[in-house]
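Colleague: Okay, here's the structure, questions in a sec.
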Amino acid sequence: MSLDVYERLQQGFDAVSLTMEDVVKKDLTWKYLSTFLYDEGPVESEKWIVVPEFFLFSIALSLYKRRIKTILLLDSTREHSYSISSIPEWYRNFFAQRRFSNLVYFFGSDFENIREALEVPQLKLDLRNIIESNFFPLALKANLPIHREMDERRLSQINNLESLSSFIIDFMRPPTLKEELKKELSSVSVERIGSHVISSLTLIFNPGAAMGKGLAYAFKFVRIVGKMESEEYRKFAKQWKENIEKFFNKEALSKIVGESNLDEAKKKLEEENLLVIISDGFRNLHNTFIPILLENLLTDVKEVALLFDSITFMDRYDFFLKWLINKVENREISLGAIAPTMGEFSERFNGFFEKLISEKAIFFDLSSKFMRILFRRRPATEEAWVVKHLYKIKELGEKGDIAFVFYNSTSPVKWRFVRPSLLTKIKRKLFGR
Numbered sequence: 085m086s087l088d089v090y091e092r093l094q095q096g097f098d099a100v101s102l103t104m105e106d107v108v109k110k111d112l113t114w115k116y117l118s119t120f121l122y123d124e125g126p127v128e129s130e131k132w133i134v135v136p137e138f139f140l141f142s143i144a145l146s147l148y149k150r151r152i153k154t155i156l157l158l159d160s161t162r163e164h165s166y167s168i169s170s171i172p173e174w175y176r177n178f179f180a181q182r183r184f185s186n187l188v189y190f191f192g193s194d195f196e197n198i199r200e201a202l203e204v205p206q207l208k209l210d211l212r213n214i215i216e217s218n219f220f221p222l223a224l225k226a227n228l229p230i231h232r233e234m235d236e237r238r239l240s241q242i243n244n245l246e247s248l249s250s251f252i253i254d255f256m257r258p259p260t261l262k263e264e265l266k267k268e269l270s271s272v273s274v275e276r277i278g279s280h281v282i283s284s285l286t287l288i289f290n291p292g293a294a295m296g297k298g299l300a301y302a303f304k305f306v307r308i309v310g311k312m313e314s315e316e317y318r319k320f321a322k323q324w325k326e327n328i329e330k331f332f333n334k335e336a337l338s339k340i341v342g343e344s345n346l347d348e349a350k351k352k353l354e355e356e357n358l359l360v361i362i363s364d365g366f367r368n369l370h371n372t373f374i375p376i377l378l379e380n381l382l383t384d385v386k387e388v389a390l391l392f393d394s395i396t397f398m399d400r401y402d403f404f405l406k407w408l409i410n411k412v413e414n415r416e417i418s419l420g421a422i423a424p425t426m427g428e429f430s431e432r433f434n435g436f437f438e439k440l441i442s443e444k445a446i447f448f449d450l451s452s453k454f455m456r457i458l459f460r461r462r463p464a465t466e467e468a469w470v471v472k473h474l475y476k477i478k479e480l481g482e483k484g485d486i487a488f489v490f491y492n493s494t495s496p497v498k499w500r501f502v503r504p505s506l507l508t509k510i511k512r513k514l515f516g517r
């Protein structure tokens, strides 16, 4: 990678940081601070590169400077050229320059060897963290597009990685076409299939981070079930089985489950006021374990800012989303989140989305589904104003410039367009022009 790209990334981060200082202010006064996207790609110009990750980074560093305890949970698998998985060396240097490399961990099976490139330790749960968590069976059930009874006796007998792997693979097995799927799906048209089912199928058929591919597989799968095409179904069932085994075999699980170092991580949070966790599990089946990780990290920890990347991919886990809301409402945590909206997400996320937009929110773009939720209790004139400015943001982005719509429920002027004039001042400060 050329030095020019490194410099443009740094300039982009500096621009975002200056802008976000105005949003974060001087203390932790917000309960919800959300950033909404549609396309997760970078904004590029001759002078800078801005990626979604920078918004959470800048908030985290602002809080860190004020010695506010902060957990930053980052998605390493965005599909753009400047994601953590694409250029881990830049992010490694970024952490080192700010002197918190020792506060960074990796959580996941690391199929792409990102952890080694970042030179950070693996964060692990122990077996007890998983089998004693109520989130574990609920997450497995939420990841299936059909109802299936869980063998509680077998669950209680899990005592090592091998039995954990065997239990998950068996529970997550592909359903039989005639028995289970015919009952669940075949009487419903593709257009009427619930978004929760599509979200679950997308996750199962998604071998990595390519959510578009997983979504295409999900819709094709539903069509095959509807037509009762046995031969085609067998091909899909084979891929289903292979994906389940890839993510839940003993070797893959050993990267997530082992000798726990959660106490070490919590101690660093307590002493240093920052914990950074990078994960490759947001967009695949390993997001099963993210609720369990946070359940254990946030036990007995109060007044923490949780900065949660790609939170939309927790859409199936309504039990976890309700748990987060309770934590926020009890003032145990403040929640900052990035919420990508391109794709098909479970209807279970809709109520949580309303919480995310309830206080402070940054909008770059939004899917039509979430746009309808945003404005269903607001005047049409307000919606028209926001849509008009989202078009402006798109036009500016195509020219390599940045703007966003900022919503603040506590401000007399609730909607604000962060205009190029403000960013021009930032450019002058950064680039001397």
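Heads up, the sequence shown is in my numbering, so the first residue is 85 and it goes up one at a time.
For each residue, glycine too, the CB sits at the ideal point set by N, CA and C.
For Phe429, which residues from the same chain have a beta carbon less than 7 Å from its beta carbon, with the 5 sequence-adjacent residues on both sides left out?
Modeller: Position 345 of the sequence shown holds residue 429. Here the set comprises Ser279, Ser283, Thr396, Asp399.
Colleague: In terms of residue numbering, what span does the beta strand (DSSP E) encompassing Ser118 cover?
Modeller: By one-based count along the sequence shown, residue 118 stands at place 34. Taken as a continuous stretch (DSSP letters only), the beta strand (DSSP E) holding Ser118 covers 116-121.
Colleague: For Arg318, count neighbouring C-beta atoms within 10 Å of its own C-beta (all shown protein chains included) and say buried if the count is 16 or more, exposed if not.
Modeller: Reading the sequence shown from its first residue, position 234 is the one you call residue 318. Burial call: exposed.
Colleague: Please state the DSSP three-state secondary structure of Lys411.
Modeller: Numbered from 1 along the sequence shown, position 327 holds the residue referred to as residue 411. The answer is helix: DSSP assigns Lys411 an H, G or I state.
Colleague: Tell whether a beta-carbon distance below 8 Å holds between Leu224 and Phe191.
Modeller: Counted from its first residue, the sequence shown places residue 224 at position 140. Counted from its first residue, the sequence shown places residue 191 at position 107. In this structure, Phe191 does not lie closer than 8 Å to Leu224 by Cβ.
Colleague: Straight-line CA distance for Glu163 to Phe320?
Modeller: Here the question's residue 163 lines up with position 79 in the sequence shown. Here the question's residue 320 lines up with position 236 in the sequence shown. Their backbone Cα atoms lie some 25 Å apart in a straight line.
Colleague: Using 8 Å as the limit for Cβ to Cβ distance, is Leu458 near chain D?
Modeller: No chain D is part of this structure, which consists of one protein chain only.
Colleague: Suppose contacts are defined by Cβ-Cβ distances below 8 Å. Is Tyr148 in contact with Ala349 by that definition?
Modeller: In the sequence shown, the residue the question calls residue 148 occupies position 64. In the sequence shown, the residue the question calls residue 349 occupies position 265. Their beta carbons are not under 8 Å apart, which means Tyr148 does not touch Ala349 by this criterion.
Colleague: Between Ile362, Lys325, Glu387, Glu479, which has its C-alpha nearest Thr113's C-alpha?
Modeller: Numbered from its first residue, the sequence shown carries residue 113 at position 29. It is Glu387 whose Cα lies nearest to the Cα of Thr113.
Colleague: Indicate whether the contact test is met: 3 or more Cβ pairs, each with one atom in the stretch 455-465 and one in the stretch 405-421, closer than 8 Å.
Modeller: The stretch 455-465, when compared against the stretch 405-421, does not touch it at the 8 Å Cβ threshold.
Colleague: Can you pull the DSSP bridge partners for Asn63?
Modeller: Since the first residue of the chain shown is 85 and the last is 517, residue 63 is not available in this structure.
Colleague: Pick helix, strand or coil for Ile362, following the three-state DSSP scheme.
Modeller: For the purposes of this step, residue 362 is taken as the residue at position 278 of the sequence shown. Reduced to three states, the DSSP call for Ile362 is strand.
Colleague: Buried or exposed: where does Lys339 fall if 16 or more other Cβ atoms within 10 Å of its Cβ makes it buried?
Modeller: Working through the sequence shown from its first residue, we reach residue 339 at position 255. Flag for Lys339 reads buried.
Colleague: Would you kindly work out how many angstroms separate the C-alpha atoms of Leu287 and Asn213, rounded to a whole number?
Modeller: If you number the sequence shown from 1, residue 287 lands on position 203. If you number the sequence shown from 1, residue 213 lands on position 129. Looking at the two C-alpha atoms, the distance is approximately 23 Å.
Colleague: Cβ of Thr161 within 8 Å of Cβ of Arg432?
Modeller: In the sequence shown, residue 161 corresponds to position 77, counting from 1. In the sequence shown, residue 432 corresponds to position 348, counting from 1. No, Cβ-Cβ distance for Thr161 and Arg432 is not below 8 Å.
Colleague: What are the start and end residues of the beta strand (DSSP E) that includes Leu381?
Modeller: As a working mapping, residue 381 is identified with position 297 in the sequence shown. It is not in any beta strand (DSSP E) - Leu381 instead sits in the alpha helix (DSSP H) that spans 374-381.
Colleague: Can you name the start and end residues of the alpha helix (DSSP H) that Ala336 belongs to?
Modeller: Translated into the one-based positions of the sequence shown, residue 336 becomes position 252. 334-338 is the span of the alpha helix (DSSP H), which, as asked, contains Ala336.
Colleague: In whole angstroms, give me the CA-to-CA distance for Ser273 and Ser142.
Modeller: Against the sequence shown, residue 273 aligns to sequence position 189. Against the sequence shown, residue 142 aligns to sequence position 58. Annotation note: pLDDT 48 at Ser273 (below 50); position unreliable, coordinate value reported separately. Cα to Cα, the separation comes out at about 45 Å.
Colleague: Starting from Gln519, follow its DSSP beta bridges and name the residues at the other end.
Modeller: Here the chain has residues from 85 to 517 only, and residue 519 is not among them.
Colleague: With 16 as the cutoff for other CB atoms within 10 Å, does Ser240 come out buried or exposed?
Modeller: As a position in the sequence shown, residue 240 is number 156, starting the count at 1. So Ser240 ends up on the exposed side.
Colleague: With DSSP collapsed to three states, give me the class of Ser394.
Modeller: Looking up residue 394 in the sequence shown gives position 310. Ser394: coil per DSSP, three-state reduction.
Colleague: Round the Cβ separation of Leu419 and Lys115 to the nearest angstrom and send it over; I've been treating them as touching at under 8 Å.
Modeller: Taking the sequence shown and counting its residues from 1, one reaches residue 419 at position 335. Taking the sequence shown and counting its residues from 1, one reaches residue 115 at position 31. With a Cβ gap of about 7 Å, Leu419 and Lys115 count as contacting.
Colleague: Have a look at Asn333 and Phe195 and give me their C-alpha separation to the nearest angstrom.
Modeller: Mapped onto the sequence shown, residue 333 falls at position 249. Mapped onto the sequence shown, residue 195 falls at position 111. The straight-line gap from Cα to Cα measures roughly 13 Å.
Colleague: Report, in whole angstroms, the separation of the C-beta atoms of Ser363 and Asp159, which I expect to be a contact under 8 Å.
Modeller: Mapped onto the sequence shown, residue 363 falls at position 279. Mapped onto the sequence shown, residue 159 falls at position 75. Yes, Ser363 and Asp159 are in contact; Cβ-Cβ is about 7 Å, under 8 Å.
Colleague: Between which two residues does the alpha helix (DSSP H) harbouring Ser418 extend?
Modeller: By 1-based counting over the sequence shown, the position of residue 418 is 334. Ser418 -> not in any alpha helix (DSSP H); beta strand (DSSP E) instead, spanning 417-424.
Colleague: Measuring CB atoms only, is the stretch 117-131 touching the stretch 168-184, in the sense that at least three cross pairs come out at less than 8 Å?
Modeller: Cβ pair count under 8 Å is below three, so no.
Colleague: Going by beta carbon distance, what residues of the same chain come within less than 7 Å of Ser271, once the five residues before and after it are set aside?
Modeller: Start at 1 with the first residue of the sequence shown, and residue 271 comes out as number 187. Below a pLDDT of 50, predicted positions are generally treated as unreliable, and Ser271, at 49, falls in that range; no measurement from the model is reported.
Colleague: Rounded to the nearest angstrom, what separates Phe437 and Ser452 at their Cα positions?
Modeller: Translated into positions along the sequence shown, residue 437 becomes position 353. Translated into positions along the sequence shown, residue 452 becomes position 368. The alpha-carbon atoms of Phe437 and Ser452 are separated by roughly 13 Å.
Colleague: Start and end of the beta strand (DSSP E) containing Trp499?
Modeller: Here residue 499 corresponds to residue number 415 of the sequence shown, with the count starting at 1. 499-502 is the span of the beta strand (DSSP E), which, as asked, contains Trp499.
Colleague: By how many angstroms is the C-alpha of Glu105 removed from the C-alpha of Glu354?
Modeller: As a first step, residue 354 must be located in the sequence shown, where it is residue number 270. As a first step, residue 105 must be located in the sequence shown, where it is residue number 21. Their Cα atoms are separated by approximately 24 Å.
Colleague: Are Ile242 and Ile215 touching if we call contact CB-CB under 8 Å?
Modeller: By one-based count along the sequence shown, residue 242 stands at place 158. By one-based count along the sequence shown, residue 215 stands at place 131. Yes; because the gap between Cβ atoms is below 8 Å, this pair is in contact.
Colleague: Pick out whichever of Glu315, Ser146, Leu121, Ser250 has its Cα sitting closest to the Cα of Phe97.
Modeller: As a position in the sequence shown, residue 97 is number 13, starting the count at 1. The option with the nearest alpha carbon to Phe97 is Ser146.
Colleague: Between Pro136 and Ile422, is the Cβ-Cβ spacing less than 8 Å?
Modeller: Within the sequence shown, the letter at position 52 stands for residue 136. Within the sequence shown, the letter at position 338 stands for residue 422. In this structure, Ile422 lies closer than 8 Å to Pro136 by Cβ.
Colleague: Give the straight-line distance between the Cα atoms of Gly427 and Gly435, rounded to the nearest whole angstrom.
Modeller: For the purposes of this step, residue 427 is taken as residue 343 along the sequence shown, with counting starting at 1. For the purposes of this step, residue 435 is taken as residue 351 along the sequence shown, with counting starting at 1. C-alpha separation (whole angstroms): 17 Å.
Colleague: Can you list, in chain order, the residues of its chain whose CB lies under 8 Å from that of Phe184, leaving out five sequence neighbours each side?
Modeller: Counting from one through the sequence shown, the residue named residue 184 turns up at place 100. Tyr148, Glu356, Leu358, Val360.
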